[in-house]
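One structure below.
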Amino acid sequence: MSQISGHTKLVMLFGSPVEHSLSPAMHNLSFENLGIDAAYLVADVTPDNLEAAVASARALGLAGFNVTMPCKTHILAYLDGLSPAAELMGAVNTVALNEGKLIGHNTDGAGALMSIEEAGNKIQGARIVVLGAGGAGSAIFTQAALDGAEHIDVFNVRDEFYDATGKRLATLTEHTGTPTALHDLEDRTLLEASVRAADILVDATRVGMPPLENESNVAQEWLRPGQAVMDTVYHPRRTKLLKLADAAGATVVEGLGMLLYQAAIAEEIWFGVSMPVELIRERVFLHA
Ligand code: NAD
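Here it is, written out as structure tokens:
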């Protein structure tokens with residue numbers, strides 16, 4: 455980290471737990487490399503003390519902050535405005551403080567799609583299947599519709615949010631013109647047919663991370679060369695799904711790419727800079 459002085463700007467991450475987050479390592483290395491006089495710290499914040507944390511951010515004049523689980527939807531109540539994408543997603547992971555106004559953005563979806571495009575698969579005109587409609591899944595399918603996907607199938611277990619997700623997708627289709635459909639993740643026949651027909655598959659469920667590290671939502675036979683397969687889980691880096699995708703000859707997209715690019719877009723919002731993504735990949739992700 456560069457020398458901290460009276461001019462140093464503060465950027466923070468609010469969420470819980472946050473002590474193992476890679477964000478401080480990514481942003482502090484980037485600030486140092488770009489010569490930005492700023493420091494990035496984390497604070498353990500839950501929905502119960504989020505309002506106080508946001509008031510502190512205003513009072514202390516933070517340059518901005520990130521928000522992570524479990525605060526990404528609760529934060530909406532305390533902001534002055536939202537980017538159009540964050541408004542459609544109903545979740546925020548990046549907040550900019552501009553002339554006293556707190557504006558919420560969501561860089562998770564765009565970050566995920568940038569990492570897929572970097573691997574060589576275009577979003578525009580693609581048939582996309584997204585498994586999971588939590589914070590990460592919703593950000594990804596919303597951004598995919600905004601970016602001109604041809605068709606989006608979303609699969610989720612029939613949880614208490616299922617009907618609300620259906621309504622959110624209907625609004626998204628109305629807004630973007632991209633046809634979307636919500637299906638039950640337990641419907642294996644429909645899941646197989648959709649995955650086989652997809653150009654891009656994104657798993658945004660918790661399947662693949664401990665204690666579900668030996669599980670995959672899809673079978674290897676459903677995957678093929680030319681198809682991009684992304685898992686939002688990045689610990690482990692190579693999830694069961696990504697191992698199956700690799701064995702099937704599909705293009706493998708690790709969840710760390712999403713983490714990297716959501717951070718890069720956040721720095722662009724806060725400081726108008728281009729984060730040195732290759733340096734961060736080499737130095738921060740080496741042992742991740
Ligand atoms: P969330 O709690 O908002 O959503 C979790 C989703 O997983 C829901 O759709 C839920 O229905 C589904 N799910 C949970 N258990 C399941 C099971 N046993 N079988 C099938 N589906 C199940 O969480 P989130 O913030 O959307 O995160 C989802 C995943 O994405 C997590 O693994 C998280 O670590 C990862 N993530 C990665 C990044 C990144 O930058 N790479 C960013 C955010 C989240």
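For the sequence shown, my numbering assigns the number 455 to the initial residue and increments by one for each residue that follows. Glycine included, each C-beta is placed from N, C-alpha and C at the ideal position.
Quick one: which unbroken alpha helix (DSSP H) runs of 4-plus residues sit fully inside the segment 676 to 705? Chain order, please.
694 to 701
Three-state class that DSSP yields for ILE458 in the structure shown
Note: ILE458 maps to coil in three-state DSSP.
Just checking GLN597 against ligand 1 - is the residue's beta carbon closer than 8 Å to any of the ligand's heavy atoms?
Relative to ligand 1, GLN597 has its C-beta separated by 8 Å or more from all heavy atoms.
Taking contact to mean 3 or more Cβ pairs, one atom from each stretch, closer than 8 Å, check whether the segment 668 to 684 and the segment 650 to 660 are in contact.
Pairwise C-beta distances place the segment 668 to 684 in contact with the segment 650 to 660, as three or more of them are shorter than 8 Å.
Under 8 Å from any heavy atom of ligand 1, does the C-beta of LYS576 make it?
no
Between the C-alpha atoms of SER728 and THR627, what's the straight-line distance to the nearest angstrom?
32 Å
Just the Cα atoms here: how many angstroms apart are GLU505 and TYR532?
7 Å
Check whether the segment 611 to 626 and the segment 566 to 584 are in contact - that is, three or more C-beta pairs closer than 8 Å.
no
Below 8 Å, can you find three or more Cβ-Cβ pairs linking the segment 690 to 698 to the segment 711 to 725?
no
Quick one: what does DSSP say MET466 is sitting in, helix, strand or coil?
MET466 falls in the strand class under three-state DSSP.
Assign GLN457 to one of two classes, buried (16 or more other C-beta atoms within 10 Å of its C-beta) or exposed (fewer than that).
exposed
Note down, one range per segment and in chain order, each alpha helix (DSSP H) of at least 4 residues found wholly within the segment 500 to 542.
504 to 514
Any alpha helix (DSSP H) of 4 or more consecutive residues that is wholly inside the segment 534 to 614
538 to 543, 562 to 572, 589 to 600
In this structure, does DSSP put VAL496 in helix, strand or coil?
strand
Rounded separation between ASN487 and HIS481 - CA only
10 Å
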